[in-house]
Amino acid sequence: MTSVRTIVRVANVTKTFQLGKIAVHALKGVDLEIPTGQYVSIMGPSGSGKSTLFNMIGGLDKPSTGKVFIDEVDISQLDAYELAWLRCRKIGYIFQTFNIIQVMTALENVTLPMTFAGMRSERATEKGMELLELVGLADRFQHKPFELSGGQQQRVAIARALANDPAIILADEPTGNLDLSTGEEIITLLKNLSHERGVTIISATHDIKMLNVSDQVVWIRDGRIDKIESREELTISVGRIDARAGA
Amino acid sequence: MATIDRSNTATAPQPRIHRQVVLPLGKSFEIAFNSIRVRFFRSLITTMSLVLAVSFLSFVSVNTDVANGLLSTGDPALRQALIRSGYDLAPEDTRADSSPKQRWIVILSLLVCVVGIVNAQLMAVTERFREIGTMKCLGALDRFILRLFLLEAGMQGLVGAGVGALSGAAFALLGNLLRFGTRALTTPAGDEILLSVAFATGVGCLLSVLGVLYPAFVAARMQPVEAMRVEQ
Ligand SMILES: Nc1ncnc2c1ncn2[C@@H]1O[C@H](COP(=O)(O)OP(=O)(O)OP(=O)(O)O)[C@@H](O)[C@H]1O
Ligand SMILES: [Mg+2]
Chain A
625 MTSVRTIVRV
635 ANVTKTFQLG
645 KIAVHALKGV
655 DLEIPTGQYV
665 SIMGPSGSGK
675 STLFNMIGGL
685 DKPSTGKVFI
695 DEVDISQLDA
705 YELAWLRCRK
715 IGYIFQTFNI
725 IQVMTALENV
735 TLPMTFAGMR
745 SERATEKGME
755 LLELVGLADR
765 FQHKPFELSG
775 GQQQRVAIAR
785 ALANDPAIIL
795 ADEPTGNLDL
805 STGEEIITLL
815 KNLSHERGVT
825 IISATHDIKM
835 LNVSDQVVWI
845 RDGRIDKIES
855 REELTISVGR
865 IDARAGA
Chain B
845 MATIDRSNTA
855 TAPQPRIHRQ
865 VVLPLGKSFE
875 IAFNSIRVRF
885 FRSLITTMSL
895 VLAVSFLSFV
905 SVNTDVANGL
915 LSTGDPALRQ
925 ALIRSGYDLA
935 PEDTRADSSP
945 KQRWIVILSL
955 LVCVVGIVNA
965 QLMAVTERFR
975 EIGTMKCLGA
985 LDRFILRLFL
995 LEAGMQGLVG
1005 AGVGALSGAA
1015 FALLGNLLRF
1025 GTRALTTPAG
1035 DEILLSVAFA
1045 TGVGCLLSVL
1055 GVLYPAFVAA
1065 RMQPVEAMRV
1075 EQ
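If you're matching them up, the sequences are chains A and B in order. Start counting at 1 in the first sequence, then tack on 624, and there's your number in our numbering. Start counting at 1 in the second sequence, then tack on 844, and there's your number in our numbering.
This is how it looks when you write it as structure tokens:
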């Protein structure tokens, strides 16, 4: 563990939304380094700025001040083409609301990013089927999203996020719209991916179940980082809570 | 995927930022076509005003073609029949072109039709904000979104205007058949009628694409976060 590369670096990022005369400070100066291959959970109460941070890291929105580096490249310096390439090849997104394209089948959804990446159609279909198999939906490849359950849609989204072998998967409350056991399945799936493929997973969540699988938990409160706990510290504090609960 | 290849995982050194994202034309057609097919009812509504306006245009110009054809036979009886059915023909006229008033009505109907298309397309685009945002998250450029909308509008326009032009021509021919008997169909105006139908189809196609330009620009320029925040 001597030479762990930093894949995401957030440097003093603030974000202010101007709502008429009122300025909403969603992020008030966030510094964060995420090493390659880790499973990082961003935890915090509703409105604390998790989604805002998620959008900054994913290059979906621009910080008011500060910088975000992906692989040590400042993403505010990228032009439209480079940004599109980054979204296409480097980052896979998973959303709370699944965001499967409704008019396309499961397979078409998964192969779309490969098409953008310039992959030949037969190869894309082949790989799309492999990915659907990986998430356990190979037999549903021709189904439209409305014929799939929420958990199944989220798995299609995970397969789609993996389409171009991204280095990072960003997940904003991936289990937010799912029931307990389905949420657990999704979490296990993500954990296995980070283990087996070495993908860096950054997940914003309310879901305490996420804690068990995270290598690192970033607690965020009111637009600032409250504390960052690694896995070891976490088991201790969770253990303490358990002990207290037991007493 | 039982064994997972570690060689192409994120831990291996990766190329830095590049700029190549593509959407081949064939694939664009496929996506646009499927999009119309799946939202058939929506597309039908968008195209309806176009069908009507184009069929009116085609109706008027085919009528004129037939009248010109009848005049060119030089038969005085037909000339009288034309005048009786409302054509303003001075003794020296050799052509029965549509009156300025008629032309204005056609132009107005086309204008109304464009406004209708813009309106319907704006609504259609709003319904698809989330889809557009998602596509952008997957690496779509503004150009891809624009191209998909233009292709859709082009295809809708071609079919809608085609149907409109043919039905307008059919009605015109039928009307003339009832008024002037079979002579109306045996005049040497065949080429001109075909030309009128083609012209009306072309105009319809153009209007369809014109009507989607503004909505498509709005859609293509959306930031992904804005597009996906829209509740649906
Ligand atoms: N587009 C926007 N315009 C104005 N204010 C915004 C916008 N997006 C977020 N905010 C504000 O920024 C703050 C942080 O929002 P954010 O969505 O990041 O919270 P969150 O931690 O993701 O919450 P949740 O857990 O409910 O998803 C909130 O106060 C919110 O009202
Ligand atoms: Mg959120």
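Built from N, CA and C at the ideal position, the CB exists for glycine as well. Note that this is a predicted model, so its numbers are computed, not measured.
| said: For GLY716/A, list the residues DSSP reports as bridge partners. | reply: ILE793/A
| request: Quick one: using the 10 Å Cβ neighbour count with 16 as the cut-off for buried, is ARG744/A buried or exposed? | output: exposed
| Interface positions of the segment 814-836 of chain A facing chain B (Cβ-Cβ less than 9 angstroms), listed along the chain | Answer set for the segment 814-836 of chain A: GLU820, ARG821, GLY822, VAL823 and THR824.
| query | If THR829/A and GLU797/A are in contact, beta carbons under 8 angstroms, what's the gap, nearest whole angstrom? | reply | 6 angstroms
| For ARG928/B, which of PHE1024/B, SER1052/B, ALA984/B and ALA1071/B has the nearest alpha-carbon? | PHE1024/B
| C-alpha gap between ALA854/B and LYS871/B, whole angstroms | Any answer about ALA854/B is weak, because its pLDDT of 43 lies below 50 and its placement is not dependable; what the coordinates show is given next. C-alpha separation (whole angstroms): 29 angstroms.
| If you count every other CB in all the chains shown that lies within 10 Å of the CB of LEU802/A, and 16 or more means buried, which is it? | So LEU802/A counts as buried.
| query | How about SER838/A: is its Cβ closer than 7 angstroms to a heavy atom in ligand 1? | reply | Outside the cutoff, so no.
| Integer Cβ distance of VAL872/A from MET667/A, believed to fall under 8 angstroms | A question about residue 872/A goes unanswered here, because the residues of chain A that appear run from 625 up to 871.
| query | Under the criterion of a Cβ to heavy atom distance below 7 angstroms, does LYS686/A qualify as lining ligand 1? | reply | no
| query | List, in order along the chain, the chain A residues whose C-beta lies closer than 7 angstroms to that of THR978/B? | reply | ASN723 and ILE725
| query | Hey, THR1026/B and THR917/B are a contact pair by Cβ (cut 8 angstroms); roughly how many whole angstroms apart? | reply | The C-beta distance from THR1026/B to THR917/B rounds to 13 angstroms, too long to meet the 8 angstroms contact threshold.
| query | Comparing alpha-carbon positions, which option in ARG947/B, ARG972/B, TYR931/B and ARG939/B lies nearest THR723/A? | reply | The sequence given here places Asn at residue 723/A; Thr does not occur at that position. Per the Cα distances, ARG972/B.
| task | Out of HIS819/A, THR739/A, LYS768/A and GLY716/A, state which residue places its alpha-carbon closest to the alpha-carbon of LEU786/A. | result | Ranking HIS819/A, THR739/A, LYS768/A and GLY716/A by Cα distance to LEU786/A puts GLY716/A first.
| task | Report the residues of the segment 866-878 of chain B with a CB closer than 7 angstroms to any CB of chain A, ordered along the chain. | result | VAL866, LEU867, LYS871 and ASN878
| Going by the CB atoms, is the gap between ASP909/B and GLU1036/B shorter than 8 angstroms? | yes
| said: Is there a C-beta anywhere in chain B that falls below 8 angstroms from the one on THR739/A? | reply: The beta-carbon of THR739/A is placed less than 8 angstroms from the nearest beta-carbon of chain B.
| said: According to DSSP, is ALA1071/B part of a helix, a strand, or is it coil? | reply: helix
| request: Specify, as a first and last residue, the run of the beta strand (DSSP E) that PHE693/A falls within. | output: If you look at PHE693/A, you'll find it in the beta strand (DSSP E) that goes 689-694.
| field | TYR1058/B - DSSP class collapsed to helix/strand/coil | value | helix
| field | Exposure of THR816/A, with buried meaning 16 or more beta-carbon neighbours within 10 Å | value | According to the sequence as given, residue 816/A is Asn; it is not Thr. Exposed, since its Cβ has fewer than 16 Cβ neighbours within 10 Å.
| said: With a threshold of 8 angstroms between beta-carbons, can ASN636/A be considered close to chain B, or not? | reply: no
| message | So within the segment 784-842 of chain A, which uninterrupted alpha helix (DSSP H) runs reach at least 4 residues, ignoring any that extend past its ends? | response | 804-821 and 833-837
| Mind pulling the chain B residues with CB within less than 9 angstroms of ASN679/A? | PRO1068 and VAL1069
| What do you reckon, are the CB atoms on ALA1063/B and LEU994/B nearer than 8 angstroms? | no
| query | How many angstroms separate the CA atom of GLY807/A from the CA atom of GLY775/A? | reply | Inter-residue distance for GLY807/A and GLY775/A is about 8 angstroms (C-alpha atoms, whole angstroms).
| said: Taking 7 angstroms as the limit between beta carbons, can you name the residues of its chain near CYS1049/B, skipping five residues before and five after? | reply: GLY998, GLY1001, LEU1002 and ALA1005
| task | Kindly list the residues whose CB is nearer than 7 angstroms to the CB of VAL950/B, restricted to its own chain and excluding five residues on each side of it in sequence; keep chain order. | result | PHE900, LEU901 and VAL904
| request: Take MET1072/B and list the residues in its own chain whose beta-carbon comes closer than 6 angstroms to its own, dropping the five residues that flank it on each side. | output: ARG974 and GLY977
| request: Starting from the beta carbon of TYR663/A, find every residue of chain B whose beta carbon is closer than 7 angstroms, and list them in chain order. | output: In chain order: nothing, as chain B lies at least about 12 angstroms away.
| Length of the line joining the Cα atoms of VAL648/A and PHE641/A | Distance between the alpha carbons of VAL648/A and PHE641/A is about 5 angstroms.
| task | Return yes when the Cβ of ASN878/B is within less than 8 angstroms of the Cβ of VAL734/A, no when it is not. | result | no
| request: Assign LYS714/A to one of two classes, buried (16 or more other C-beta atoms within 10 Å of its C-beta) or exposed (fewer than that). | output: buried
| said: What would DSSP say about VAL632/A, mapped onto helix, strand or coil? | reply: strand
| task | Would you decide whether SER827/A is buried or exposed? Buried here means 16 or more other CB atoms lie within 10 Å of its CB. | result | buried
| said: Tell me the residue span of the alpha helix (DSSP H) that contains ARG848/A. | reply: Here ARG848/A belongs to no alpha helix (DSSP H); instead the beta strand (DSSP E) covers 848-854.
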